[in-house]
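Encoded as structure tokens, the structure appears first; notes follow it.
Residue numbers (the UniProt record's numbering), protein chains in the order written: chain A, 1 to 448; chain B, 1 to 448.
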């Protein structure tokens, strides 16, 4: 995320951390080059468009911890990142509340052209109340209503990207026509939130639609993913929890006429690699010292709409007096082992569950268990930029490659071709089982 | 404009024309490098978000002529252009109808950071009916209402960019706070169209607000420019017409408490340079052969909402039967010399009036007359990319430099510092007479 403190709060204070330079293009172009040299699939930017909920009565901590504020718009960095790389996928988050779908479709299509088909879009609905109040809404739009909103939003985007232009409409014939008018269609979308005439202003790019990502494992989120996502970002504390998500979403996808392999899963994990177990433990203890307990608690509870008030971090969760968030909190209490967890126990356990620490062999063994749970890849959560990526590249990738768990060359083609290299049918485009494919040719007889 | 045929329709068919490669980043990065080497102030992208109005009963001609469709989103190219240049200003058009001001302000601020203060924003309201129908509106929002919309839109943007963060709020102190919460303010904007809580998600960039451009010389447009614009793009057929605009807008600006020199004017002109008059004439005749009369007519009349029906291009304008557009057409008839102009006469005369053809000395003489009319610079309309820029750089700039009419080195600092190099007070920021400056410190006591 183009911010100082994304997930592992406090780590930006380490001397080797460079993420506080999020506003310098070179931080990201250097990282993109490094990831491509190591044959990473993609560089992915998370994003939010507002503050997390209050913590201890105000939002001061988000400023003092650099916790996702400032945060920069990732979409405008993509062309520069594309210019310094050739194979790396470039994915970013854009919420349905932040941008009209006509504008989003044009922007995404422009970027897919500029990168020769290397874009990915993480579709989100924004779960932060302040974000909704930045966009004229009285408060947080209810969860299921947000997914209905997203359903219509992606529908407009699909119509524009897949249905408005025929593949052969653009000719650029200097002795004749620039384009064939009969191959360009208005879409005349009319729905509860949007009315969009079209035509789309961009001719088909290599992928037409960016690779579609989704994050979030609520029932509505999984239903949305099952229908729309080609890849899901997930946080699961263990291979067992991961398996529940991968099997649920894949069964739902099959109900929608898709195949299990049509949806890839990327688990969010962080790595601490040591040449010995003892070294890994020492390094982890060093990271732990920098963890901001209040920062993690603010991120976690602010995201749930729970304010701690003035309770110290050694307060047992069961003693917290909170409005509204009681149910969520009970679930958290049950999930932390050992009984009667404090606020600090909760956040340290949470950080623990997203980290794999050990020798390369130990971590690779563990990753095999994640793979067995239906997980296709890892979305690396960094402690530090660029160090955490260097740690994986130098410490872990050689072992993963030895086991055939990490690619040594890029497959040919677009980002989509690379991700689904074993499925030859794509040719850069969404497969015919995806709902967007229904719009191909759908507007040939639409009123002009 | 990131499109094949922007203004001088038909020229893309020339063998030397490369603008049909608008979808390749290298066309633009190469051009940006070339412009910077020649010390151009800026590279500016025009934009539209919809089709021009029907021509001869349909919109086929826009496809066949490549007339602003496809057109790509310029804002996402800026970071890549910034990465290959160091001094060149980078300005783009964004309409109030296409993007929420909270999103726009964040995007613009991100780009101002990434380019170290080299951004410019051309504020437009979209005059094309199809554009409004792409954004959920039943048809073209009336002209004056569009400017009221723009008034509120820029107000939100100013509040976010100028008022939400104090200059010293961002600390990035690894031993302490990332930012000072007391220096970050919500803006609580409540207006007819927008309700925006804030805070802005981006800390102050070198310019805070991009250099503000405006185009359009209607009374409402000039009033908007007088209040908000630091630079105006204008099309004027002659220095005399230009003088009317520059003096009117500057007097209005003074009424708003600004100074005449607070508003710069850039006239849209095209150049045909020859080492002799005869050569310039030959080259101009060659360009004229490629001019698409129907394309120019469609652009001009489609922009006025006048459809020709099946009238051939040698039809006198006075014989056209048009609904609604009669008044506009009468004004056009009066403006074309010679009496009783045909459609073709009209468009050729219009193209004529945006071109200066001659030897470098003749063109420089003419540009001195434009300068005397209060025009500060030229927005070059190209026949061909990149050839038209090479023609100016190699053919015309040496003579302009000899006369002190073109810069030989870049002034220090941001885009704003460079444009207003004779006004030392800016330090990259809007001057205190600009309405946005009123929001500095305005939210210090706003509810948190």
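Heads up, the beta-carbon is just placed ideally off N, CA and C, and yes, glycines get one too.
It should be emphasised that the depicted structure is a prediction, and the values quoted were computed from it without experimental measurement.
Simplified DSSP assignment, three categories, for residue 240 of chain A: helix
Expected contact under 8 Å - CB spacing of residue 14 of chain A and residue 410 of chain A to nearest Å: That pair is no contact at about 32 Å.
Rounded straight-line distance, which links the Cα of residue 368 of chain B to that of residue 250 of chain B: 20 Å
Segment contact flag, the stretch 290 to 303 of chain B with the stretch 336 to 349 of chain B, C-beta cutoff 8 Å, min 3 pairs: yes
Sub-8 Å separation of residue 5 of chain B and residue 66 of chain B beta-carbons: yes
Beta-carbon neighbours of residue 387 of chain B, restricted to chain A and to distances below 9 Å: Simply none; closest approach about 15 Å.
Below-8 Å beta-carbon distance, residue 140 of chain A vs any chain B residue: no
Near-chain A residues of the stretch 101 to 120 of chain B (beta-carbon distance less than 7 Å), N- to C-terminal order: 102, 103, 106, 107, 110, 111, 113, 114
Contact list for the stretch 69 to 80 of chain B against chain A, Cβ threshold 8 Å: 69, 70, 71, 72, 73, 75, 76, 77, 78, 79, 80
Residues near residue 225 of chain B by beta carbon distance below 6 Å, same chain, minus five either side: 214, 232, 249
Distance between residue 437 of chain B and residue 228 of chain B (C-alpha atoms, nearest Å): 11 Å
Neighbour-count burial assignment, residue 321 of chain A, 16 or more Cβ in a 10 Å radius: exposed
Beta-carbon neighbours of residue 174 of chain B, restricted to chain A and to distances below 9 Å: 12, 13, 14, 15, 17, 20
Cα-Cα separation, residue 100 of chain B to residue 98 of chain A: 7 Å
Chain-order list of residues whose beta-carbon lies under 7 Å from that of residue 450 of chain A (same chain, five-residue window excluded): Here chain A covers residues 1 to 448 and nothing more, so residue 450 of chain A does not appear.
Extent of the continuous alpha helix (DSSP H) run through residue 346 of chain A: 343 to 353
Chain A contact for residue 178 of chain B (CB, 8 Å cutoff): yes
Length of the line joining the Cα atoms of residue 26 of chain B and residue 114 of chain A: 9 Å
Residue of A/387, A/54, A/220 minimising C-alpha distance to residue 148 of chain A: A/220
Nearest-angstrom beta carbon gap, residue 385 of chain A and residue 18 of chain A [assumed within contact, 8 Å]: 5 Å
Classification of residue 360 of chain B by the beta-carbon crowding that lies within 10 angstroms, buried from 16 upward: buried
Own chain residues within Cβ distance below 6 Å of residue 420 of chain B, not counting five before or after: 426
Pairwise C-alpha distance: residue 21 of chain A and residue 170 of chain B: 12 Å
Opening and closing residue of the beta strand (DSSP E) in which residue 379 of chain B lies: 377 to 380
Residue 263 of chain A versus residue 93 of chain B: straight-line alpha-carbon distance, rounded: 38 Å
Cross-chain neighbours of residue 184 of chain A in chain B, by beta carbon under 8 Å: 63, 69
Proximal residues of chain B, C-beta to C-beta of residue 98 of chain A below 8 Å: 100, 102, 103
Chain A within 8 Å of residue 382 of chain B, Cβ atoms only: no
Stretch pair the stretch 148 to 157 of chain A + the stretch 171 to 181 of chain A: three plus CB contacts closer than 8 Å: no
Neighbourhood of residue 287 of chain B by C-beta, 6 Å cutoff - its chain only, sequence neighbours within 5 removed: 383
Residues bridged to residue 392 of chain B [DSSP beta-bridge criterion]: According to DSSP, which records beta bridges pairwise, residue 392 of chain B is partnered with nothing at all.
Closer than 7 Å at the beta carbon, the chain C residues around residue 60 of chain A: The displayed structure is made up of protein chains A and B, and chain C is not among them.
Rounded straight-line distance, which links the Cα of residue 235 of chain A to that of residue 216 of chain A: 8 Å
Min CB distance residue 448 of chain B to chain A below 8 Å: yes
C-beta atoms of residue 408 of chain A and residue 401 of chain A nearer than 8 Å: yes
Among A/164, A/206, A/207, A/335, nearest to residue 188 of chain A - alpha-carbon criterion: A/164
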